[in-house]
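Chemist: Starting off with a structure, shown below.
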Amino acid sequence: MAIRIEGKLLAAQVKERVAAGVKELKEKGIEPCLAVIMVGENPASQVYVKGKVKDCAECGIKSLEIHLPAETTQNELLQKLAELAGDAGVHGLLVQLPLPAHIDEKTVIEAIPPQKDVDGFTAVNVGRMMIGEECFLPCTPAGCMEMIRSTGVSISGKNAVVIGRSNIVGKPAAMLLLRENATVTICHSRTENLKQVCANADILVAAVGRAGFVTGDMIKPGAVVIDVGINRNAQGKLCGDVDYDAAAEKAGYITPVPGGVGLMTRAMLMQNTLQAAQKQALAK
Ligand code: GUN
């Protein structure tokens, strides 16, 4: 039976470290601040933003929640971003995705200065990650890596399989595993022999967005299974991409949903915000 990787516990440890760093900065007269912009009324986004604001409060980070109406034009949003980008009191800046269809996400993301891009979504930060330079790591993949490291299982030389190739999760998760010397395979909707590929994974990261996509027969005995999915099953219950009960029979370690990667993602955002404030303080 697999050992559960407790996201709640790990996230609490990260946030405790962040809170200590925030306290130090405040003693120097700097109050770390994260600005979160949301456009429209996406219910999932509302839940995520609320979580981020709560985490900020727990860590002693000031948060600015900027909620713009769904009809906001791209130019109005860019104007707001420019204002926050130029505000020395704002250290971290993010725009909650998805945006309404009339706004181009790429243009908006690139309007965030890389030094305030605590989501790690700008081309500059993605590029720096690719070549191993200092950067803000995207929060979900960074959280996945923390969870894998917490098991004590060594990553170097292992077969790591990532299911999903999104810019936010799949691709960067693969890159971070590669940086730790894993042999990495990225699977996606066109992958042939998906089951066999996954069944060979010492580390399996599922970021598909479909409940029950990863079945027990896709798990290598003793594998580390990281479930990034946040879905609702037929009964409306929150669940991941992995059939937890079946996978837990075979895996060595597994993350639950809820209580897994989601909490670590949020904790990583707090860590990035603290780092942003620390770096901006040094740059002055
Ligand atoms: N929407 C879903 N996940 C994320 C995230 O990590 N950051 C932002 N900005 N939007 C999201």
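In my numbering, the protein residues as written are 23 to 306. Glycine included, every Cβ here is placed at the ideal spot set by N, Cα and C.
Could you give the DSSP three-state label for R187: helix, strand or coil?
Modeler: Note: R187 maps to coil in three-state DSSP.
Chemist: Using 8 Å as the threshold, is the C-beta distance between S54 and A299 below it?
Modeler: Checking the displayed sequence, the identity of residue 54 turns out to be Pro instead of Ser. Result yes, Cβ atoms of P54 and A299 sit closer than 8 Å.
Chemist: If you draw a straight line from the C-alpha of G192 to the C-alpha of H210, how long is it?
Modeler: C-alpha separation (whole angstroms): 9 Å.
Chemist: How should S178 be labelled, buried or exposed, when 16 other C-beta atoms within 10 angstroms of its C-beta is the threshold for buried?
Modeler: Result: exposed.
Chemist: Does the beta-carbon of D109, which I'm using as the reference point, lie nearer than 7 Å to any heavy atom of ligand 1?
Modeler: No.
Chemist: Have a look at G82 and I208 and give me their C-alpha separation to the nearest angstrom.
Modeler: C-alpha separation (whole angstroms): 38 Å.
Chemist: Go to V117, then tell me how far its beta strand (DSSP E) extends in each direction, as first and last residue.
Modeler: Segment G114 to V117, the beta strand (DSSP E) holding V117.
Chemist: First and last residue of the beta strand (DSSP E) that includes E87?
Modeler: E87 -> beta strand (DSSP E) spans K84 to L90.
Chemist: Please confirm whether any heavy atom of ligand 1 lies closer than 7 Å to the CB of T129.
Modeler: Not under cutoff, so the answer is no.
Chemist: Can you give the Cα-Cα distance for A79 and V246, rounded to whole angstroms?
Modeler: C-alpha separation (whole angstroms): 32 Å.
Chemist: Suppose you measure from the CA of A301 to the CA of A133; what does that come to, to the nearest Å?
Modeler: It is Lys, not Ala, that sits at residue 301 in the sequence shown. Between K301 and A133, the C-alpha separation is close to 20 Å.
Chemist: Quick check: the segment 65-74 against the segment 43-54, are there 3 or more CB pairs under 8 Å?
Modeler: As far as the Cβ criterion goes, the segment 65-74 does not touch the segment 43-54, which means the pair count is below three.
Chemist: Identify the residues that DSSP records as bridge partners of N181: which are they?
Modeler: Bridge partners of N181: T205.
Chemist: Considering Cα atoms alone, identify which of V130, A110 and G111 is closest to L119.
Modeler: Of the listed residues, the one whose Cα sits closest to L119 is V130.
Chemist: Beta-carbon distances below 5 Å to any heavy atom of ligand 1 define the shell here; list its residues in chain order, please.
Modeler: This selection yields L116, Q118, L119 and D141.
Chemist: With 16 other CB atoms within 10 Å as the buried threshold, where does G186 fall?
Modeler: Result: buried.
Chemist: Name the DSSP beta bridge partners of R254, please?
Modeler: DSSP output for R254 lists L260 as bridge partner(s).
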